[in-house]
Each structure stands twice: as structure tokens, then as C-alpha cells.
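See below for the structure under consideration.
Protein chains: 2
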Amino acid sequence: MAEKDVKKKTSSGAPGGGRREVRPTKQQPSRQVSIKDIARLARVSHPTVSRALQNSPLVNPATAAKIRKIAEAAGYRPSAVARGLVTRRTRTVGLVVTTVADPFASAVACGIEQAANDHGYAVFLANSNADAEHERKVVQALAERRVDGIIVTSSRVGSDYLPMLAQLNVPMVLVNDQYPGEFVHSVMIANEEGSRAATEYLIGMGHRRVAYVGDRSGYQTETERLEGYKRALAKAGIEFDAKLAVHGDGRPEGAAEAMEALLQLAEPPTAVCCYNDMTALGAMRAIRARGLRVPEDLSVTGFDDLFFAEYLEPPLTTVRQPMRRMGEMAMENLLKLMSGEDSVAQVKVGAELIVRKSTGRVGMKPGPQMRGTGGTQGLGAGRRNG
Amino acid sequence: MAEKDVKKKTSSGAPGGGRREVRPTKQQPSRQVSIKDIARLARVSHPTVSRALQNSPLVNPATAAKIRKIAEAAGYRPSAVARGLVTRRTRTVGLVVTTVADPFASAVACGIEQAANDHGYAVFLANSNADAEHERKVVQALAERRVDGIIVTSSRVGSDYLPMLAQLNVPMVLVNDQYPGEFVHSVMIANEEGSRAATEYLIGMGHRRVAYVGDRSGYQTETERLEGYKRALAKAGIEFDAKLAVHGDGRPEGAAEAMEALLQLAEPPTAVCCYNDMTALGAMRAIRARGLRVPEDLSVTGFDDLFFAEYLEPPLTTVRQPMRRMGEMAMENLLKLMSGEDSVAQVKVGAELIVRKSTGRVGMKPGPQMRGTGGTQGLGAGRRNG
DNA sequence: GTTGCTACCGCAAACGTGTGCATCGCGGGG
DNA sequence: CCCCGCGATGCACACGTTTGCGGTAGCAAC
Numbered sequence: 001m002a003e004k005d006v007k008k009k010t011s012s013g014a015p016g017g018g019r020r021e022v023r024p025t026k027q028q029p030s031r032q033v034s035i036k037d038i039a040r041l042a043r044v045s046h047p048t049v050s051r052a053l054q055n056s057p058l059v060n061p062a063t064a065a066k067i068r069k070i071a072e073a074a075g076y077r078p079s080a081v082a083r084g085l086v087t088r089r090t091r092t093v094g095l096v097v098t099t100v101a102d103p104f105a106s107a108v109a110c111g112i113e114q115a116a117n118d119h120g121y122a123v124f125l126a127n128s129n130a131d132a133e134h135e136r137k138v139v140q141a142l143a144e145r146r147v148d149g150i151i152v153t154s155s156r157v158g159s160d161y162l163p164m165l166a167q168l169n170v171p172m173v174l175v176n177d178q179y180p181g182e183f184v185h186s187v188m189i190a191n192e193e194g195s196r197a198a199t200e201y202l203i204g205m206g207h208r209r210v211a212y213v214g215d216r217s218g219y220q221t222e223t224e225r226l227e228g229y230k231r232a233l234a235k236a237g238i239e240f241d242a243k244l245a246v247h248g249d250g251r252p253e254g255a256a257e258a259m260e261a262l263l264q265l266a267e268p269p270t271a272v273c274c275y276n277d278m279t280a281l282g283a284m285r286a287i288r289a290r291g292l293r294v295p296e297d298l299s300v301t302g303f304d305d306l307f308f309a310e311y312l313e314p315p316l317t318t319v320r321q322p323m324r325r326m327g328e329m330a331m332e333n334l335l336k337l338m339s340g341e342d343s344v345a346q347v348k349v350g351a352e353l354i355v356r357k358s359t360g361r362v363g364m365k366p367g368p369q370m371r372g373t374g375g376t377q378g379l380g381a382g383r384r385n386g
Numbered sequence: 387m388a389e390k391d392v393k394k395k396t397s398s399g400a401p402g403g404g405r406r407e408v409r410p411t412k413q414q415p416s417r418q419v420s421i422k423d424i425a426r427l428a429r430v431s432h433p434t435v436s437r438a439l440q441n442s443p444l445v446n447p448a449t450a451a452k453i454r455k456i457a458e459a460a461g462y463r464p465s466a467v468a469r470g471l472v473t474r475r476t477r478t479v480g481l482v483v484t485t486v487a488d489p490f491a492s493a494v495a496c497g498i499e500q501a502a503n504d505h506g507y508a509v510f511l512a513n514s515n516a517d518a519e520h521e522r523k524v525v526q527a528l529a530e531r532r533v534d535g536i537i538v539t540s541s542r543v544g545s546d547y548l549p550m551l552a553q554l555n556v557p558m559v560l561v562n563d564q565y566p567g568e569f570v571h572s573v574m575i576a577n578e579e580g581s582r583a584a585t586e587y588l589i590g591m592g593h594r595r596v597a598y599v600g601d602r603s604g605y606q607t608e609t610e611r612l613e614g615y616k617r618a619l620a621k622a623g624i625e626f627d628a629k630l631a632v633h634g635d636g637r638p639e640g641a642a643e644a645m646e647a648l649l650q651l652a653e654p655p656t657a658v659c660c661y662n663d664m665t666a667l668g669a670m671r672a673i674r675a676r677g678l679r680v681p682e683d684l685s686v687t688g689f690d691d692l693f694f695a696e697y698l699e700p701p702l703t704t705v706r707q708p709m710r711r712m713g714e715m716a717m718e719n720l721l722k723l724m725s726g727e728d729s730v731a732q733v734k735v736g737a738e739l740i741v742r743k744s745t746g747r748v749g750m751k752p753g754p755q756m757r758g759t760g761g762t763q764g765l766g767a768g769r770r771n772g
């Protein structure tokens, strides 16, 4: 065997002389340039380089400038992993979503990434596949990576995290926790108020038989939105009819099936309040498949206000979640937690009903409908323990 | 259920007696349990613990079992950062997308995350905001994190990475590179073939005045798709009319504006081939706003086959990109590169025309249109340098 | 009894950075 | 002349792992 690039420690003589001439026999990873390399080049100790690069006042401005110049020229990039080891802070957060392919999750993720990036944090992305067990797994994995904090959206675990977290010792904030009961730190949308507003709007348009298409998973947002629907009915003196409350799977396919069942009822609804926009997507397809029109024959509302909602035909009346903003808020809360502040707790963000053209007066005639001006109303905003 | 097993450090002798007794002036992060802790508990050296935990044959199965049990009970989680420092491999990849909120990007990201997770890799997510300068920045940041590899989708930098990469010394694969010219490792969709197929399909339906709504950014996918459109025209003996090729911004808003211009032409088109589904979304809205119908008055095609395409009214005829699969392929290629293999290069994946109901024969009568069976055709698949 | 082999296990040195503390040169005040 | 202070820098250690290598039993073969 040829010798393996003997590491010579020639301290004083010719520091940059015979560079490590890696021979291309095997692709030698050609060690990254380290802080010691540029210390040698600058003829100072490596701590001085470290200090110079982080603008410490302890180092002479002149030498600092010189060091920075050399580091720049050598293309030196400090190793975040070595730094993380000694400082015990990685400036990294973990983000777990059900799946990035979900438009709600990706919108929230976008806000989080933005805020994280602005504060010098990098974000680990992980999918939970909407499975509690897998979610726990990826959280554990993130903990092994020594992330400084964790955000999980639509958690299936929720307050069950408490024992694990006590051991892991890493702050966590939840976005739209799906687990019944309250988690310590979370940002939640006003599900009940939003769903209630949508239903009340439908009732206000004269509808008496308004249905609800939910998510059979039975998680927290589902139960809250269903509750909002029921409250609106109760307030209007309309008795809740279990036959009008059906359940899809939160996705268009399942929603379409559920909607079909609704349409086959002896006395079908004239309006339907959907669990979310994806559900509305499927519901509208099922409605069209029966040769019915929205909103002339049937009014439809959604929840989320995903990007495509306003481009549907007809544009979808829906309850808006400020998804990006919610992501930012989650990140801001996490930043506080990571810096030691412990004040912030649950924050509940207001939902906003966006009226478009998928809703109309009951029994409305086909034709040029009124120009919906997109009236909005804020709902249920507020925060506790702020 | 396993009982809670309180963490007791009072093993026996006092090896950990007067350990560095840091005074708790500031909130002490309560040091994570390390490999040495459990080495002490198991009365072995910490290297033995290390080997036991990675199932090394060098350690006695009995002691290994004992060690694992103790580690489990103590809730020990090895530090990936410490490991990364010594092994010089972080088992981490960086993923940079224009923005996660983009449905195309998030679909690709989903495939990547999946494949990465399957192989024990974690993924750093970063947004480039579709800006070349920012993209370079985040790639640098990822390099500082010592990721083992990088994937960037819709790169604005492309082969300009070469010098930087030579210095960073980290493998990179591009998905749908937007920079003219070829990058070393990439997975690309067959843009030209796909766009050409869509246009040919329209022509086959009798359309002669078929327009193109592009993306004014003028990046690579745009030019290729435009080229495919032109080729189809040429093949059919239709002269390219510059007035029929307009440019939005790849998003619904800009596309709607561009489409309006098209509709105000003295001789408006009877069909329009859109740069992507988002563009089609805007185009269709603009068409409806003029009181025209799709496909009776105007046929529309998209590109991507985003999840909502089949739920539009009418369902969108579009060119499918297997986005998840492309993400997986990118990750698989990256895995090979990271393991030292250097064979894989550009792979071009076939596009598939999905015929739905947004397209019809020119001058078709309103009414129940034929049941589009969703005929498909694979296009332009292949790989080079495999 | 020496040798050699095998199966385990510990020592020590890394990996690249941050940081408390000692050191050093030097100017000024006593 | 001595001492003190101060600004600038280096020393040494720590962070939590992995890994090459040397050591030590136990045992069999000679």
C-alpha cells in the first residue's frame, strides 16, 4: 500500500508548502478545510480564528480582518456539527407534518421555514403519515439529531407527548393539535367558531336542511367543527339530524362517497358544510355527477381556504385559516421557548369566513348571481396565558 | 406497560461523586444522558457501549444485552451530532425548493422525504424563493451543516454550481433544472415531448388556432415546453403566430391576465396550451369571466397533473409528471452518489398526457360530451449515461 | 511451561469547534 | 524599579461519539 498521505505537523516551516496532494486512487473525501488550517495559514492559534470569525471584541481588528480574508480565500465554512457539539445548541428545529404533499401542511411549513430562516435556524422536515406511532418515531429521531425545538402539525399524539418530552428535554409546540385535551404550547385555529359561522351563514341564506360532511377519523378538529355546526343549528332552532352528518376521510375521494350517500336521501339537503376544502372538492364533484348545480341546487362551504379555493367553479365559500401566519406564530413561540422564556402557551387564532359563489339563497334561480363581494368576518381570535 | 423506572444514579461506588458541580445560576439544560453515563451504569468502558449499541460482533452477546437494557431504561439516545463529527457523515440531506407552498415542489419533496426516511436519512428543508442568489445562500448554509448530499428542485443556478460544488465537495442532484445547459446529475421531465403531445392532441381535435400561455421567467422548462408547442405546430403545418404565445408568471393571477389579452385578440384562439396547471387555473378563470365555456368555446390543457386537476370543472386535461416518483428517483440517485458510485447522470422521465374534459373538438356543441376514458401515452422516457 | 489463538474489552486518539484562564508585551503610575 | 492594568493571544480542555490497536484472560496444542 502506498502511504496514506502522512499528516505532517510541520508547525513552523512552510505552512502552505506541499499541500495535501490527494492522489485520486480512491475518491478521498479530501478533508474539508478546518479552522486549524486557516489558523496555520494566518499564523495564529485556532481559538483566535474562532473569535475573529464571530466578531469577538477580544481580537485585534487588524488581525481579525486578515483572518477573515484568509478564511474567505480558502473557502472556509465552519462546521455546524462541531459547533453544535460544543455549544449544545444546533440552531435547528424539527418540523413534523402528516405529509408535505398536503396543501395545508405545506402552507404552514412555508411560514415556519421562513421564520426559522430569518432567525438562522434550519429545519428538519419529517412526515408522520398521520400515524401516531410513526409520529412518535420521527420525534425520537429528531431528538437524536439534537434539534433545539420541535413543531408538529395535526399531531396524533398531543398531550401524550408529556412524559416523552420530560425525558427528551426539548421544547415543542403543536399546530392544530388533533389529540383531545390540551397541550402545553400550541397554536390552534378557532374550529368551532369557524364552522359555526359557515353554518350560520348557510342558515341565514334560508337553508334549513344543511348537511355536514366530516372526517371519519374523529380527531379533534373534526369534533370541534362538527360541534360548531351543531351549535349553529341549535341556535336557529333546527334539530340536528344524524342522517345529515356523514363522514368522509378528509380527502376528495372519501368525501365524494359520503356526499353521494347524502344525495340519495329521501329528503336531500339544500346546503352542505364541509370539514375542509379537500372535502368540498370531492363533494362538489359528487354533486355535479348527479347533474346538480352549485349553488343553484346545493350550496357548499369549505374550511381552510387553500390556494385553489378561489379558482374553483364556482369559487368556494370557505373559512380561512391564515396558514402561513400560523406557521410563523408557531415558530415565534418556539423561539421564545428555546430562549428560555416559558410564558407563552396556547394561542387560538381567529378564522375568517370568506364568502364566494358556492353558496346562495335556498331555491335560487339559475342565472347571473349577485356579485359576492367577499364579505369577511373575524372569528374566535384570542389567546390565553399570553 | 413498562414501569417508569426512575433514573437512579447511585450505582454504588462513587465514580460520579463530585462531578463538575456547575452552579445553577442560569437554567441548567440538565445535560442529556451520554454514552459515558450508561457505561458507568453498566460498569464497562464507553467504547464497549458504543459497540454494543451498534450490534458489533466484538462484544459478548450477554453484556451487549445488558448494556442495551440499561441504555433503554435510562432513555439513552445517542447524539447524532457527536457521531457526525467523528464519522464525518451526518446521514442528512438538504432539500431546496422554490417554496414548499408550491404543490409541485411539495409533491416532489414528499417522495424525497419518504425515500430518505427509508434509508435513515433526515432532510433539511430550505426555500430558495425562486431567487438564484438566495438559492446559493441556502446551499452554502446546508454545506455548513455538513449535509451528505443536496437536492434542489427548479434550480435557478444549475450548472453554475460546478465551481462552488468543487469546493464544497458534496454531491448534488437537480430536479427539473431551470438553468440552460446540463448539470451533471439531474432528473428531468420530458418537457418538450409532453408539451408537444398536448398540443398535438389539441390539433388532432381539429383546432388550428391554438395558443400558448407560458411563464415569462424564461427558464428552462418554459423554453422547452414552448419548443414542444412549436414543434407540434410545425409538424401540422401550422405557422407559429407570436401573438398567440403569451406569458404569465406561472401562477394563476399572472396567467389570468395573459389569458385576457389572448381573448381580446381579433381572432382569438379556440384552444390554449398552458405552461402548467397553475397557469391553467388562472386561464380558466379568465375564460369564464368572459362568459365563455370550457371546452365548448375553448379547450385548455395544463402540465403537472397536480392533485386538484381531476376535481376542476371541467376536469383538466393535462400532462402528468410523476412528481413523487421523481423525488424518489432523485433521492435514489443521490444515495448512489453519496455511497461513492459515480455512474448515474441525467435521467429523463416520461410525461404522460391525461385526457379529461377540458378539451374537446373545435366548435363542439354544448351538451353531454363524450365520456373521456382518460387515454394516456408515455412520452420521452429514457435515461442517459445510466 | 511456552506458545498461539480466540474472544472480549479498554485506552487513547481523533473529529472541529468554543471558551475559561493563563500568559505576554507594554505603558503608566507610584 | 516594581507593580498593576490592559489589550491581545495562546493553552488546554470540553463536547459525545467512533475506531485502531494493544492487552488480558482462557484454553488447547506442542
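Those protein sequences? They're chains A and B, same order as listed.
When you line the first sequence up against the working numbering, it's residues 1 to 386, in that order.
When you line the second sequence up against the working numbering, it's residues 387 to 772, in that order.
Beta carbons: idealized from backbone N, C-alpha and C, even for Gly.
Are residue i and residue j closer than 8 Å when you measure CB to CB?
i, j, result
"V482 of chain B", "V533 of chain B", "no"
"G600 of chain B", "L612 of chain B", "yes"
"G604 of chain B", "V81 of chain A", "no"
"A618 of chain B", "T585 of chain B", "yes"
"L142 of chain A", "G94 of chain A", "yes"
"E224 of chain A", "N276 of chain A", "no"
"I35 of chain A", "A74 of chain A", "no"
"T87 of chain A", "A130 of chain A", "no"
"Q606 of chain B", "P566 of chain B", "yes"
"M326 of chain A", "V175 of chain A", "yes"
"L444 of chain B", "A457 of chain B", "no"
"V173 of chain A", "L292 of chain A", "no"
"I151 of chain A", "A330 of chain A", "yes"
"T745 of chain B", "V705 of chain B", "no"
"R77 of chain A", "G120 of chain A", "no"
"M664 of chain B", "V494 of chain B", "no"
Find the residues of chain A that neighbour residue i, judging by a C-beta separation of less than 7 Å, and give them in chain order.
i, result
"S492 of chain B", "V100, A101, S106"
"R532 of chain B", "S79, A80, V81"
"T476 of chain B", "V81"
"E553 of chain B", "Note that residue 553 of chain B corresponds to Gln in the displayed sequence, not to Glu. Going along chain A in sequence order, the residues near Q553 of chain B (Cβ under 7 Å) are G75."
"Q606 of chain B", "Ordered by position in chain A, no residue passes the 7 Å Cβ test against Q606 of chain B, which lies about 24 Å from the chain."
In chain B, what lies closer than 9 Å to residue i by C-beta?
i, result
"L316 of chain A", "In chain order: nothing, as chain B lies at least about 11 Å away."
"F124 of chain A", "T478, A508, V509, F510, L511"
"Q321 of chain A", "Correct list: empty, because the minimum Cβ distance to chain B is about 13 Å."
What does residue i reach in chain A if we use C-beta pairs closer than 9 Å?
i, result
"L471 of chain B", "S79, V81, A82, G84, L85"
So residue i contacts chain B; which residues on that side make the cut at Cβ distance below 7 Å?
i, result
"A143 of chain A", "R463"
"L281 of chain A", "F694, Y697"
"G345 of chain A", "Looking at the sequence shown, residue 345 of chain A is not Gly but Ala. Under the 7 Å cutoff, chain B gives no residues; its nearest Cβ is about 18 Å from A345 of chain A."
Can you pull the chain B neighbours of residue i, defined as C-beta to C-beta under 8 Å?
i, result
"A330 of chain A", "Within 8 Å Cβ-Cβ: nothing; A330 of chain A doesn't reach chain B, min ~15 Å."
Inset, instruction - Would you check if the region 668 to 683 of chain B and the region 644 to 655 of chain B touch, i.e. whether three or more CB-CB distances between them fall below 8 Å? - result: Contact between the region 644 to 655 of chain B and the region 668 to 683 of chain B is present, because at least three Cβ pairs lie under 8 Å.
Legend entry - Chain-ordered residues of the region 619 to 652 of chain B with a beta carbon less than 8 Å from chain A: Those would be P638, in chain order.
Legend entry - Ranges of the alpha helix (DSSP H) found wholly within the region 318 to 373 of chain A, counting only runs of at least 4: If we require 4 residues or more, the alpha helix (DSSP H) runs fully inside the region 318 to 373 of chain A come out as 323 to 338.
Legend entry - Contact set between the region 497 to 508 of chain B and chain A, restricted to residues whose Cβ is under 8 Å from the partner: Residues passing the 8 Å Cβ filter: E499, Q500, N503, A508.
Legend entry - Contacting positions in the region 671 to 699 of chain B - beta carbon closer than 8 Å to chain A: Listed by position, the residues of the region 671 to 699 of chain B near chain A (Cβ gap below 8 Å) are R671, R674, F693, F694, Y697, L698, E699.
Legend entry - 4 or more residues per run - each alpha helix (DSSP H) lying fully within the region 590 to 649 of chain B: For the alpha helix (DSSP H) assignment, the uninterrupted runs of no fewer than 4 residues enclosed by the region 590 to 649 of chain B are, from N- to C-terminal side, 606 to 621, 638 to 649.
Inset, instruction - With 7 Å as the limit, tell me which residues of the region 127 to 138 of chain A have their beta carbon closer than that to any beta carbon of chain B; keep them in chain order. - result: Those would be N127, in chain order.
Inset, instruction - For the region 347 to 358 of chain A and the region 291 to 309 of chain A, state whether three or more C-beta atom pairs, one from each stretch, are separated by less than 8 Å. - result: With the cut-off at 8 Å, the region 347 to 358 of chain A and the region 291 to 309 of chain A touch.
Legend entry - Under 8 Å (Cβ pairs) to chain A, residues found in the region 425 to 454 of chain B: Result list empty, no residue passes.
Inset, instruction - Would you mind listing the alpha helix (DSSP H) stretches within the region 423 to 460 of chain B that are 4+ residues and don't spill past its ends, in chain order? - result: Every alpha helix (DSSP H) of 4 residues or more that sits fully in the region 423 to 460 of chain B is shown, in chain order, as 432 to 439, 447 to 460.
Legend entry - Touching by the beta-carbon criterion (3+ pairs, under 8 Å), the region 62 to 71 of chain A and the region 107 to 127 of chain A: Taking one beta carbon from each stretch, the region 62 to 71 of chain A and the region 107 to 127 of chain A have fewer than 3 pairs nearer than 8 Å; the two do not touch.
Inset, instruction - Can you check the region 670 to 703 of chain B for any beta strand (DSSP E) of at least 3 residues that lies completely inside it and give the ranges in chain order? - result: Complete beta strand (DSSP E) runs here, min 3: 685 to 690.
Inset, instruction - Quick one: which unbroken beta strand (DSSP E) runs of 3-plus residues sit fully inside the region 77 to 150 of chain A? Chain order, please. - result: Here the runs fully enclosed are 92 to 97, 122 to 127.
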